[in-house]
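Scroll down for the structure; my scribbles are underneath it.
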Amino acid sequence: MGSRRYRSETPGEVNYPFCCIGVCLIIILQLCAAFNLDVENPTVYSGPNGSYFGYSVEFYLTNSSSVSVLIGAPKANTSQRNITEGGSVYYCPWSLGQSECHNIEFDNQGDRTVTLNNTDYQAEVKSHQWFGATVRSHGDTILACAPLYSWRTKEDMPQSDITGTCYLSVKNFTKFVEYAPCRTEFINEGGQGYCQGGFSADFTKVALPLSQVISAAKEEIIKAYYPGYFMQSVEGQIQTRQAQLKYDDSYRGKTFPLIILPLPLLSTHMGSYFGYAVATADINNDGMADLLVGAPMYMTRGSDSRLEEVGRMYVYLQRGPLDLEPTLNLTGTQVFGRFGSTIAALGDLNQDGYNDVAISCPFGGDDQQGLVLIYNGFAGGLRDTPSQVIAGQWASGTVPASFGFALRGAKDLDMNGYPDLIVGAFGVDKTVLYRSRPIVNTSASLTVYPTMINPEEKSCSVNNGNTTIPVEVQLDRLKHKQKGGVKRALFVDSQQTVLTRSVRVRNRERVCHDTKIYLRDDKEFRDKLSSIYISLNFSLDPQAAFDSHGLRPILNYQSTELIEQKAQILLDCGEDNICVPDLKLAVHGDRKEAYLGDDNSLTLTFNARNEGEGGAYEAELYVVLPPEADYSGIHSFSSFSLTCSYETENQTRYLSCDLGNPMKSGTSLWAGLRFTVPRLRDTRKTVQFELQIRSKNENNSHSEVVPYKLEVVVQANVILQGVSRPDKVFFPPPNWKVSKSPQVEQDIGPAVQHVYELVNKGPSGISHTVLQLSCPLSVQGQGLLYPLEISTEGPLNCTTNHSINYMQLKVSNQSLECLLMYDREKLFECLFLHITPLLGNLVVMTNSLPPPQVVTPVVWNKPDSQYSVPMWIIILAILAGLLLLALVIYVLYKLGFFKRSLPYGTAMEKAQLKPHATSEA
1 MGSRRYRSET PGEVNYPFCC IGVCLIIILQ LCAAFNLDVE NPTVYSGPNG
51 SYFGYSVEFY LTNSSSVSVL IGAPKANTSQ RNITEGGSVY YCPWSLGQSE
101 CHNIEFDNQG DRTVTLNNTD YQAEVKSHQW FGATVRSHGD TILACAPLYS
151 WRTKEDMPQS DITGTCYLSV KNFTKFVEYA PCRTEFINEG GQGYCQGGFS
201 ADFTKVALPL SQVISAAKEE IIKAYYPGYF MQSVEGQIQT RQAQLKYDDS
251 YRGKTFPLII LPLPLLSTHM GSYFGYAVAT ADINNDGMAD LLVGAPMYMT
301 RGSDSRLEEV GRMYVYLQRG PLDLEPTLNL TGTQVFGRFG STIAALGDLN
351 QDGYNDVAIS CPFGGDDQQG LVLIYNGFAG GLRDTPSQVI AGQWASGTVP
401 ASFGFALRGA KDLDMNGYPD LIVGAFGVDK TVLYRSRPIV NTSASLTVYP
451 TMINPEEKSC SVNNGNTTIP VEVQLDRLKH KQKGGVKRAL FVDSQQTVLT
501 RSVRVRNRER VCHDTKIYLR DDKEFRDKLS SIYISLNFSL DPQAAFDSHG
551 LRPILNYQST ELIEQKAQIL LDCGEDNICV PDLKLAVHGD RKEAYLGDDN
601 SLTLTFNARN EGEGGAYEAE LYVVLPPEAD YSGIHSFSSF SLTCSYETEN
651 QTRYLSCDLG NPMKSGTSLW AGLRFTVPRL RDTRKTVQFE LQIRSKNENN
701 SHSEVVPYKL EVVVQANVIL QGVSRPDKVF FPPPNWKVSK SPQVEQDIGP
751 AVQHVYELVN KGPSGISHTV LQLSCPLSVQ GQGLLYPLEI STEGPLNCTT
801 NHSINYMQLK VSNQSLECLL MYDREKLFEC LFLHITPLLG NLVVMTNSLP
851 PPQVVTPVVW NKPDSQYSVP MWIIILAILA GLLLLALVIY VLYKLGFFKR
901 SLPYGTAMEK AQLKPHATSE A
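Residues in the sequence shown are numbered consecutively from 1, following the UniProt record's numbering.
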């Protein structure tokens with residue numbers, strides 16, 4: 001009834017004929033720093049194809065207000081003479097909308113030589129040295145390493161040792177210094193073997209993959225460097241003890257005299273690459289750095305009990321100096337995704353006092369495009385669910401994209417107050433910069449008053465007002481449980497179930513917005529019991545302008561964006577507004593049996609009563625139909641008008657009939673439902689209907705289920721009839737002679753056919769019917785009938801306990817033919833003894849008359865005499881007869897028998913016969 005509106009005399013007011021309730025919305029918005037990477041508008045840097053651009057990444061602080069990006073490309077070609085894929089480092093200054101990169105020339109020379117005894121020897125190999133595999137920065141200083149750089153000693157000739165080397169760029173690319181601590185004197189007997197110096201590094205130490213650690217101050221390296229001089233060590237350099245020469249190239253590793261790691265760091269999983277990635281961050285804000293260790297090849301058992309490589313990251317909280325407590329294991333979910341390959345400390349991104357981390361899964365995701373997962377710290381350590389998952393933009397090709405193989409964070413590139421993240425994807429020669437967007441924390445509340453709606457209050461007035469502001473707020477999803485989807489309440493302002501308002505809220509400002517909803521006429525909906533839910537969900541305006549840094553804020557992912565309140569409809573159920581019905585149901589039908597094969601019309605009459613203290617709301621008669629039955633209509637016995645709907649749910653067919661909303665206390669209803677039961681099966685002896693009264697009341701809502709059963713009966717009207725062909729037999733036939741060796745049926749005697757017909761006029765079908773037939777084959781020890789052949793039509797199968805045509809006579813097609821062999825008058829009878837129709841497990845009831853008899857009378861013919869009369873005697877007898885006849889005629893003639901008298905006598909007599917002449921003539 002939302003369309004019925006009445007004007008009032010007060011401007012701005014509208015009267016509604018039904019009850020209204022008020023809704024107050026209070027919103028408080030607060031802008032704060034929180035982490036959310038802008039994945040929709042990233043900055044993408046591209047390098048030369050095949051250069052592994054993005055294998056390593058780093059932020060570079062050029063001055064106090066400018067941060068750029070450094071990207072290593074260890075397979076890039078350079079301008080160095082005779083060097084193949086020497087590797088390079090690119091400098092990528094950042095500005096909004098630009099992503100250009102420039103090569104940094106750390107080393108512009110080719111392979112250098114050493115002069116010994118006036119002979120020049122090649123001392124190094126720079127091709128394929130992977131320069132740029134490691135890049136780190138500190139202030140205006142950049143450290144770039146080539147871990148596969150090769151150095152030769154005299155004993156190594158012509159081979160070389162992969163010692164590795166590093167270069168420092170100082171004072172913003174104005175000076176370059178080489179530092180290769182694994183190189184030894186050229187004239188020494190042996191070098192460092194596969195030292196690979198610079199495999200990993202930062203600005204306080206250069207770590208070696210063989211676990212030897214070397215550290216030196218960058219000031220001492222710059223001070224000791226001299227162009228053209230192969231520097232091996234500097235003043236104050238510290239390193240762990242080198243192993244014996246025999247262990248060169250063995251990857252056995254060195255000892256740890258300066259670093260002590262406690263027992264928890266020992267990996268219990270062989271081959272998991274425990275320690276491949278290591279990072280430190282104070283994730284629980286206790287003032288001590290915590291340790292995060294990656295094991296990208298960790299394996300776990302899948303659903304089929306097979307080992308699957310998924311990767312894992314271990315979290316150790318530092319409880320005291322070098323006292324590490326294992327607290328959390330994060331296991332990857334992508335098979336062969338290498339979760340934990342890279343771990344990057346991101347700083348306190350959401351300014352909640354706890355540092356956050358990024359973990360890579362470089363071969364995970366769809367098409368192995370790679371994933372980066374963001375985990376937030378909290379007081380207990382690290383949360384076990386990522387707050388954001390970033391997927392790579394490039395699918396894997398011949399070489400996997402390896403998105404996330406390199407990560408770097410904890411620096412604010414665009415100086416907007418929020419830290420950013422760099423992600424390398426060297427397989428496609430790309431590096432992506434994701435900037436953090438500010439997040440809006442929102443506090444909202446929803447108040448509904450009154451919470452009880454009285455349908456008897458038929459009017460209310462509302463003062464309308466509109467406010468337009470860019471933060472969008474929606475009052476949405478008025479929930480309804482009633483069928484048909486009719487909304488019980490509408491917003492006054494919109495006349496719909498949804499009301500959208502825009503609200504402008506300044507930082508830390510409180511805004512309250514009022515609106516009204518009204519209840520429809522209760523005849524328009526059924527659900528009066530369930531609550532009316534008023535829901536508030538809100539979002540930021542997606543069309544809001546970008547800030548000065550080109551970013552839009554978003555809502556905090558932990559914010560509650562949906563708030564619900566509810567109101568109740570006042571019921572006629574006393575002060576507690578709770579109705580407790582007492583539902584009773586009685587059912588009877590007009591038949592107890594159903595015949596197989598018939599339509600079986602059935603009327604079920606029910607009596608529904610509510611004997612409780614309160615009304616039953618949305619009361620319905622619920623009838624579950626058996627598969628054999630169909631609903632055909634309603635049979636009413638009173639003025640009560642019953643409406644029913646036929647529905648199907650999960651292959652269950654049921655009938656739902658409205659009994660009132662509410663079905664008031666003391667109600668007693670009589671009505672009937674008509675069905676047909678046409679689909680009976682011979683495998684079931686009964687079919688059952690189930691009836692129940694159901695309501696939506698919380699208390700005592702249903703009546704007991706009342707079953708109604710029909711017995712399945714087979715009713716068949718079976719008729720048996722037969723005929724004899726011919727209807728009687730004359731025996732013996734003319735000119736018939738007994739044959740001692742009969743060949744055809746005529747040699748035995750006259751043929752007798754019996755044709756039998758079995759008719760079922762229904763309604764039920766029958767099967768497995770047995771017909772027994774008895775005919776006399778002999779009388780007083782002498783043969784009477786010779787069974788010759790049985791012919792059938794239809795699915796019949798006949799058997800007999802006597803041989804049929806045992807003399808193999810030639811026969812014609814007959815229905816049932818027997819030859820009469822007994823030479824005396826006889827009444828030939830064939831009798832149906834009995835019929836036994838069967839149908840599955842059911843007994844067949846038949847209406848057939850007593851079994852009939854098929855009778856064939858036999859008429860006896862007298863045999864001819866042995867003495868026949870000769871023809872001449874017959875002729876003589878005829879002639880004698882003729883002569884005797886002639887003699888008789890002559891005698892009669894002589895006696896005057898043939899003379900005749902005149903009919904009128906004499907002439908006088910003739911005259912007297914004439915008429916008299918009179919005057920009248």
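Glycine included, C-beta positions come from ideal geometry on N, C-alpha and C.
Residue nearest to residue i in terms of C-alpha spacing, selected from the options
| i | options | result |
| --- | --- | --- |
| residue 922 | Leu-771, Asn-118, Glu-745 | The chain is shown only over 1 to 921; residue 922 falls outside these bounds and no answer can be derived. |
| Gln-651 | Val-114, Val-624, Cys-657 | Val-624 |
| Leu-536 | Val-498, Leu-659, Ser-530 | Val-498 |
| Pro-733 | Leu-291, Leu-777, Trp-860 | Trp-860 |
| Phe-689 | Asn-697, Thr-683, Leu-673, Asn-700 | Leu-673 |
| Phe-363 | Gly-311, Asp-630, Glu-593, Pro-870 | Gly-311 |
| Glu-40 | Ile-875, Val-486, Ile-390, Thr-667 | Ile-390 |
| Asp-630 | Phe-336, Gly-381, Asn-441, Arg-653 | Arg-653 |
| Thr-174 | Ile-222, Gly-392, Thr-398, Tyr-595 | Ile-222 |
| Glu-124 | Thr-134, Thr-113, Asn-329, Leu-317 | Thr-113 |
| Gln-746 | Leu-669, Leu-884, Glu-613, Lys-810 | Lys-810 |
Reduced DSSP secondary structure (H/G/I, E/B, other) of residue i
| i | result |
| --- | --- |
| Ile-221 | helix |
| Tyr-893 | helix |
| Pro-626 | coil |
| Val-428 | helix |
| Ala-144 | strand |
| Glu-745 | helix |
| Leu-413 | coil |
| Glu-647 | strand |
| Asp-366 | helix |
| Val-888 | helix |
| Leu-421 | strand |
| Leu-349 | coil |
| Gly-197 | coil |
| Met-663 | strand |
| Trp-872 | helix |
Beta-bridge partners of residue i, as assigned by DSSP
| i | result |
| --- | --- |
| Ile-532 | Ala-567 |
| Trp-670 | Asn-607 |
| Val-399 | BP columns for Val-399 are empty, so no partner. |
| Phe-378 | Gly-381 |
| Cys-166 | Cys-145, Tyr-179 |
| Thr-683 | Answer by DSSP bridge pairing: none, since Thr-683 is not bridged. |
Minimum Cβ-Cβ distance from residue i to chain C less than 8 angstroms
| i | result |
| --- | --- |
| Ser-387 | Here chain C cannot be found, since the structure has a single protein chain. |
Sequence-distant residues of the same chain with beta carbon closer than 6 angstroms to residue i, five excluded per side
| i | result |
| --- | --- |
| Glu-628 | Val-677, Arg-679, Leu-680, Val-687 |
| Pro-386 | Leu-373, Ile-374, Tyr-375 |
| Lys-761 | Asn-717 |
| Tyr-52 | Ala-73, Pro-74, Lys-75, Phe-426 |
| Gly-633 | Arg-674 |
Same chain, Cβ closer than 8 angstroms to residue i, neighbours up to 5 away in sequence not counted
| i | result |
| --- | --- |
| Glu-620 | Ser-656, Cys-657, Asp-658, Leu-659, Ile-693, Arg-694, Ser-695 |
| Trp-94 | Thr-43, Val-67, Ser-68, Val-69, Leu-413, Asp-414, Leu-433 |
Contact set for residue i: own chain, Cβ-Cβ below 7 angstroms, skip 5 residues either direction
| i | result |
| --- | --- |
| Asn-172 | Thr-62, Asp-140 |
| Ala-410 | Ala-345, Leu-346, Gly-347, Pro-419 |
| Gly-353 | Asn-285 |
| Leu-571 | Lys-528, Asn-577, Cys-579 |
| Leu-540 | Val-440, Val-471, Pro-553, Ile-554, Leu-555 |
| Arg-183 | Trp-151, Thr-163, Phe-230, Gln-232 |
Q.
Would the segment 513–526 count as touching the segment 406–413 if we require 3 or more Cβ pairs under 8 angstroms?
A. Output reads no: the segment 406–413 does not touch the segment 513–526.
Q: Would you be able to state if there are at least three C-beta pairs under 8 angstroms between the segment 560–576 and the segment 741–756?
A: Flag = no, the segment 741–756 and the segment 560–576 do not touch.
Q) Is it true that the segment 593–609 meets the segment 640–649, where meeting means three or more beta-carbon pairs spaced less than 8 angstroms apart? A) Short answer: they don't touch.
**Q.** At least 3 beta-carbon pairs within less than 8 angstroms: the segment 542–558 vs the segment 513–520
**A.** The segment 542–558, when compared against the segment 513–520, does not touch it at the 8 angstroms Cβ threshold.
Q.
Counting beta carbon pairs with one atom in the segment 102–116 and one in the segment 77–86, are three or more of them shorter than 8 angstroms?
A. Touching, per the Cβ criterion.
**Q.** Sufficient close CB pairs (3 or more, under 8 angstroms) joining the segment 585–600 to the segment 718–726
**A.** Under the Cβ criterion (8 angstroms, minimum of three pairs), the segment 585–600 does not count as touching the segment 718–726.
(Q) Check whether the segment 376–384 and the segment 392–399 are in contact - that is, three or more C-beta pairs closer than 8 angstroms. (A) Segments in contact, no.
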